[in-house]
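4 protein chains.
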Amino acid sequence: MPGNAFGQAFRFTTWGESHGPSIGCVLDGVPPRIPLREADIQVWLDRRRPGQSRYTTQRKEPDRVQILSGVFEGVTTGTPISLVIENEDQRSKDYSEIKEKFRPGHADYSYWAKYGIRDYRGGGRSSARETALRVAAGAVARKVLGDTIRIRGALVQMGAHAVERDRWDWAQVEQNPFWCPDPQAAAAWAGYLDGVRKAGSSTGAVIEIVAEGVPPGLGEPVYDKLDADLAKAMMSINAVKGVEIGAGFAAAGLSGEDNADEMRAGNDGLRFLSNRAGGVLGGISTGQDVVVRFAVKPTSSILTPRKTVDVRGQDSEIVTKGRHDPCVGIRAVPVGEAMMAVVLADHLLRHRAQCPD
Amino acid sequence: MPGNAFGQAFRFTTWGESHGPSIGCVLDGVPPRIPLREADIQVWLDRRRPGQSRYTTQRKEPDRVQILSGVFEGVTTGTPISLVIENEDQRSKDYSEIKEKFRPGHADYSYWAKYGIRDYRGGGRSSARETALRVAAGAVARKVLGDTIRIRGALVQMGAHAVERDRWDWAQVEQNPFWCPDPQAAAAWAGYLDGVRKAGSSTGAVIEIVAEGVPPGLGEPVYDKLDADLAKAMMSINAVKGVEIGAGFAAAGLSGEDNADEMRAGNDGLRFLSNRAGGVLGGISTGQDVVVRFAVKPTSSILTPRKTVDVRGQDSEIVTKGRHDPCVGIRAVPVGEAMMAVVLADHLLRHRAQCPD
Amino acid sequence: MPGNAFGQAFRFTTWGESHGPSIGCVLDGVPPRIPLREADIQVWLDRRRPGQSRYTTQRKEPDRVQILSGVFEGVTTGTPISLVIENEDQRSKDYSEIKEKFRPGHADYSYWAKYGIRDYRGGGRSSARETALRVAAGAVARKVLGDTIRIRGALVQMGAHAVERDRWDWAQVEQNPFWCPDPQAAAAWAGYLDGVRKAGSSTGAVIEIVAEGVPPGLGEPVYDKLDADLAKAMMSINAVKGVEIGAGFAAAGLSGEDNADEMRAGNDGLRFLSNRAGGVLGGISTGQDVVVRFAVKPTSSILTPRKTVDVRGQDSEIVTKGRHDPCVGIRAVPVGEAMMAVVLADHLLRHRAQCPD
Amino acid sequence: MPGNAFGQAFRFTTWGESHGPSIGCVLDGVPPRIPLREADIQVWLDRRRPGQSRYTTQRKEPDRVQILSGVFEGVTTGTPISLVIENEDQRSKDYSEIKEKFRPGHADYSYWAKYGIRDYRGGGRSSARETALRVAAGAVARKVLGDTIRIRGALVQMGAHAVERDRWDWAQVEQNPFWCPDPQAAAAWAGYLDGVRKAGSSTGAVIEIVAEGVPPGLGEPVYDKLDADLAKAMMSINAVKGVEIGAGFAAAGLSGEDNADEMRAGNDGLRFLSNRAGGVLGGISTGQDVVVRFAVKPTSSILTPRKTVDVRGQDSEIVTKGRHDPCVGIRAVPVGEAMMAVVLADHLLRHRAQCPD
């Protein structure tokens, strides 16, 4: 009933705060005899790591993952896998300002209202630092899914500036600091984001995650639909305000003729002539690419003073100083990929419990 | 692990197919000593019932709910509440066409791929008929929430035609067959939808659900966030392709200054100067209105022949004859309200388990 | 979080009270394409049905099960299976006595203390009538397990009178009204129980359930051990006060030499030279017979007046009149078999989620 | 669905193997603002710690617990509490014998059958070392329960030698190395156990756990009964083969008159004239002491050679050398207390979710 775990058959629980000694994650239900080394996880953590360009926070965290259990002689044993990452950059800092005031757009007030206490150091549990553990869990999930399922993500909109889908090139995603599949958009974003950063402001983004090679049949009707679990997974990422599958909100403006994906016989079963469904019908995968997009709000850590209230209920103003991300959506790309991986791994295991063939 | 239940502390499981003898729902965890009569549930079912205007399917279902357990002498006992609704309109019909072919945009193929069998009569388990049970569960959830929390829904976009928010008037919602809060939009939609209906086509929609009076503190970080569970709840409704909270996808285009809701001292705690967050920060309610929108695709039951494949893998064409909804989004409004109610009831109970004050 | 469901992958929820219109059960997670007719369930319900000899309550219930969903054209579809049984023997009765007083040894007081309300008609939700649904769920579980796993139960002790294990003959179990494997014990019990019945008294019993053909590997360490889930399953049956596996409590008096089951190579893998473990080591099945015993207390519905308190807190006396079972343990045998079946089915599905080979 | 977590509202997950770098536990759902220091947990770990007398294994583990998250400025924050204990005594050892052979009475074979791999170092995940984490979780649970609920345990039988209940004195439990409440029995056990130890043999035991001050109303009918969850909790402890509540198996031999606990009006509600129910009726606490007993088998690590089979399926013999416990039941006393605490804490939170008054 408490909410710090995700998944049912492939299940992980995360723990830790932004400025505690470490953060970690326990994975339960991972199949046995899967080769797994720390490097298999590290490679994904390194993609998310902050401070890799001038466009992300300069917090220096090596984010070295350690495997403490569940792996023996290089393979999983089927018992819980405990992962831990030290918090190295706990710089001694003056928190007196945010200790007393609720930062607008942050979880300061809502945590305080819920628990009657909050760890005010850097957001505590509500910090995006927790997303490192999602990436680590996602790395293990990818091992469970195997090589036939490929998961990739891209930033498709920064502020009001969207990519041109005709120019989409997956190879470009690794070539710029924005995970942008459109080289012209990437170039334009660089200038735009420099402006945002210098103004001490921030901007939002839209991320798209695509999973290829997903077999048909994953998803549990009628509440644990594959798309419903994906919606929950993505919406649970810090700062996400919207999720859509396939055509998404645009489907509201389509006619039934345009929206329904027609089918033809294919070499290997059937094939669809379009993918407005985003790979899911009735909550169950169809074998097409599973396509999810989510919107990330601009971070509320900005240099402009904002009206707020302090813990004694007095009107006040606040400026969130120090390092910050002008576009937190950039770092959300590997996190979205990871959440896609854990949802698919969970449903793969759940599916074979009921339908073992 | 199977997926036909929703919620954790306030939990319900639904069963039944479109053309079986009946459908039903079992609610577990409902607090004791709450007055509950069948009429308390029926009133909400009547709002969802098809056939109430020329804009919804003409399937005639009285949808009479019966309480079979869990209520004694007019109040809940704390034990499971079993609700059942007879399927009366099981007209004998020729299913030979859809028995053999997969309807595009429907769950026919994905169910068949998952289970190796499907109940082809009217969609079986994947039919929107199941949503009657969501409405019934939502009626019980409203009783749990009490009178201080008010949940209302409206259709805010039909096809490409959105309401004008400056003209929003909740009283209008009950005055037209579309749950439209903007009388001018409602008038325009009537003509638009008649055209769609006569063409045998269909159109999508966007629905907005607002919950007022939600206390701060509901939601379980970091995976079972209130907004994450709302996203799952709404995405699990038939035909939904996108969900957003507060500013939603528009947040991607905002600056940090515009997005973060400022605060001032209020008479009763603090107040926010705007509500782009949609009443949720860090996954926990803030006391502001909780605002969710979701997009419904156009139904795939249309009169234009569509390319498909049959169960033997041969190319074919299909037309879905008979009754259909030109805009299934209309009937999704009461369903969305119900899902908001069950999510809030669940989190209310979960919250007081951990934080009993 | 509420407690009216059992199992995780093979999961069922029961509802209904002793004197409501009906009782029922919803099974979720049942694999598709399993042949299932009402008769497959009825055969097991008939074994549990009261009124079959003078040794069980004379309540007349045909206990006719109906399948309302989840089965199409004679096979399971993978969607929820709803089962319902009408309560036919709701004889109009004067409940004024038990309405006002708490029956000793019954759940009257504890339900009242928990919920502040109770359905006093025949025990309401706490009635053993609920166990009919366990038997129904167990019948479906047996279908999931298939023919290679055989589950049988026997009464091995009535009052202080135990069977002689050297005389154990499974064929005898069907030959007497006690499910007794020892014909001499059965003969002795007949006279003993007649005496108990005529005295308006009651007696306890011990039941043994044996599952043969269970494959090695079922069970989830370290909390959801197979034996831990069996303990919970059996202890959840009405009136059960103790559960043991294999040697059970007698293991406390054994030496390590006598307790550990030695192994030798066998034709089909290894074989054990004894089975004090009861088929479970470290919470995981070994391939030996899984052996569970549980103790059932004597029913508290007896003709001798007993001291009690009424709902106003006044001292009082009570006699529980009307039909009753002199040894409720007799009817617990099919219930224990059913709970063994559901635990094994659940763990079979759970196992193949993680370990698909 | 995987099985390394316990509880629903008060939920903890454990990880780690006997000979990995560390073991740990993550608690989720702990209420906020509870004072908690490492010393509050350490005091209970110290009671369980091996090597405190000649009657327990000489493995030297300081078992120093560290709190890594969820506590801020000395109080719980409501977010996950991560506890870790280093494994310091990982002596380099020759595992070649047990690597190749299955130890009778241990989980070696069943883990191997389930996972196709096992961590053979000291039992890996199946080692009783895991129970240190149960004790740690139990220490937090005691904080949640508060001072009005008191949980104590005692060894009531060693081998075939039971305590005399008339001599029961809780103060004695802390005065001997056996947690024995009967000083005469303790004296006798000392000699008996020396004999067992010197013979390289082992003996079983029965433990009794008593919780005083439990409010009436805890427990969730009909599957998550308080006694059913206690049965699961105790049976999940390593080497436990039987669990009973109140009169337990002896209830089978009682008459209905003797078994049902009569009631009289008391100063503070009602009082019971006896406690054969063990504080639970219908799965719900009555306000009486909750009394649970469980049987622990003799450890299978003994010096006598035993017949076994090796991983290649060949007949073999094995002797388990090195440190061992002649009566592992002794160290199970603090573990049983802890499991009582976590079950009660879980049900306390669950109860107030549904019944908040």
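Residue numbers (numbering that gives the first Met the number 0), protein chains in the order written: chain Y, 0 to 356; chain G, 0 to 356; chain B, 0 to 356; chain Z, 0 to 356.
Glycine is no exception: its CB is placed at the ideal position from the N, C-alpha and C atoms.
- For G:Arg-270, the secondary structure class from DSSP, reduced to helix, strand or coil, is strand.
- With fewer than 16 other beta carbons inside 10 angstroms of its own, Z:Ala-38 counts as exposed.
- Scanning the segment 238-271 of chain B for uninterrupted alpha helix (DSSP H) segments of 4 residues or longer gives 255-258, listed from N- to C-terminal end.
- Under the three-state reduction of DSSP output, B:Pro-304 falls in the coil class, being neither helix nor strand.
- G:Asp-223 sits away from G:Ile-244, with the two beta carbons spaced by 8 Å or more.
- Closest in alpha carbon position to B:Gly-312, among Z:Ile-236, Z:Thr-307, Z:Phe-271, is Z:Phe-271.
- B:Met-233 carries a helical assignment under DSSP once its states are collapsed to helix, strand and coil.
- Distance from the Cα of Z:Glu-261 is smallest, within the candidate group B:Ala-251, B:Gly-2, B:Pro-304, for B:Pro-304.
- If you look at B:Val-334, you'll find it in the alpha helix (DSSP H) that goes 328-353.
- Shown here is that no member of the segment 258-289 of chain B has a Cβ falling below 9 Å from a Cβ of chain G.
- With fewer than 16 other CB atoms across the displayed protein chains lying within 10 angstroms of its CB, G:Thr-147 is exposed.
- The beta carbon of B:Phe-71 falls within 8 Å of a beta carbon belonging to chain G, placing the residue at that interface.
- Annotation: Cβ neighbours of B:Asp-27 in chain G (cutoff 9 Å, chain order): Met-0, Pro-1, Gly-2, Asn-3, Ala-4, Thr-12, Trp-14.
- For the pair B:Gly-122 and B:Glu-85, the Cα-to-Cα distance works out to about 17 Å.
- For G:Ile-22, there is no enclosing alpha helix (DSSP H); the residue is found in the beta strand (DSSP E) stretching over 21-27.
- Between the alpha carbons of B:Gly-2 and B:Thr-12 lies a gap of roughly 9 Å.
- A Cβ of chain Z is located within less than 8 Å of the beta carbon of Y:Ser-81.
- For G:Asp-62, there is no enclosing beta strand (DSSP E), as DSSP gives it neither H nor E.
- Going by DSSP, G:Leu-132 is part of no beta strand (DSSP E) but of the alpha helix (DSSP H) stretching over 130-144.
- For B:Arg-275, same chain residues with a beta-carbon under 8 Å away, outside a window of 5 residues either side, are Gly-245, Ala-246, Ala-250, Leu-253, Asp-257, Asn-258, Ala-259, Asp-260 in chain order.
- Within the same chain, Ser-125 come within 6 Å of G:Ala-106 by CB-CB distance, once the 5 residues on both sides are set aside.
- Here the C-alpha atom of Y:Gly-281 lies approximately 15 Å from the C-alpha atom of Y:Val-290.
- No Cβ of chain Z is located within less than 8 Å of the beta carbon of Y:Gln-183.
- Nearest neighbour of B:Gln-287 by Cα position, chosen from B:Tyr-54, B:Ser-200, B:Asp-27, B:Asp-267, turns out to be B:Asp-267.
- DSSP places Y:Ala-186 inside the alpha helix (DSSP H), whose first and last residues are 182-197.
- Note on geometry: alpha-carbon atoms of B:Pro-30 and B:Val-139 lie some 10 Å from one another.
- When the five nearest sequence neighbours on each side are left out, the beta carbons in the same chain lying within less than 7 Å of the beta carbon of Y:Leu-44 are those of Asp-62, Val-64, Ala-131, Val-134, Ala-135, in order along the chain.
- Under the DSSP definition of a beta bridge, B:His-160 partners with B:Met-157.
- Straight-line measurement puts the Cα of G:Asp-118 at about 6 Å from the Cα of B:Phe-71.
- Between B:Phe-177 and B:Ile-22, the C-beta gap is not smaller than 8 Å, which leaves the two residues out of contact.
- Cβ proximity to chain Z below 8 Å picks out Arg-305, Lys-306, Thr-307, Val-308, Gly-312, Gln-313, Asp-314 from the segment 304-324 of chain B.
- Using beta-carbon distances, Z:Gly-255 does not count as an interface residue toward chain G, since no partner is under 8 Å.
- Take the alpha-carbon of Y:Thr-55 and the one of G:Val-155: they are about 37 Å apart.
- When Cβ-Cβ separations below 8 Å define contact, Z:Leu-343 makes no contact with chain G.
- Sequence-ordered contacts of the segment 107-122 of chain Y with chain G read Tyr-108, Ser-109, Tyr-110, Ala-112, Lys-113, Tyr-114 [C-beta pairs closer than 7 Å].
- About 4 Å separates the CB atoms of B:Ala-344 and B:Val-143; that is less than 8 Å, so the two are in contact.
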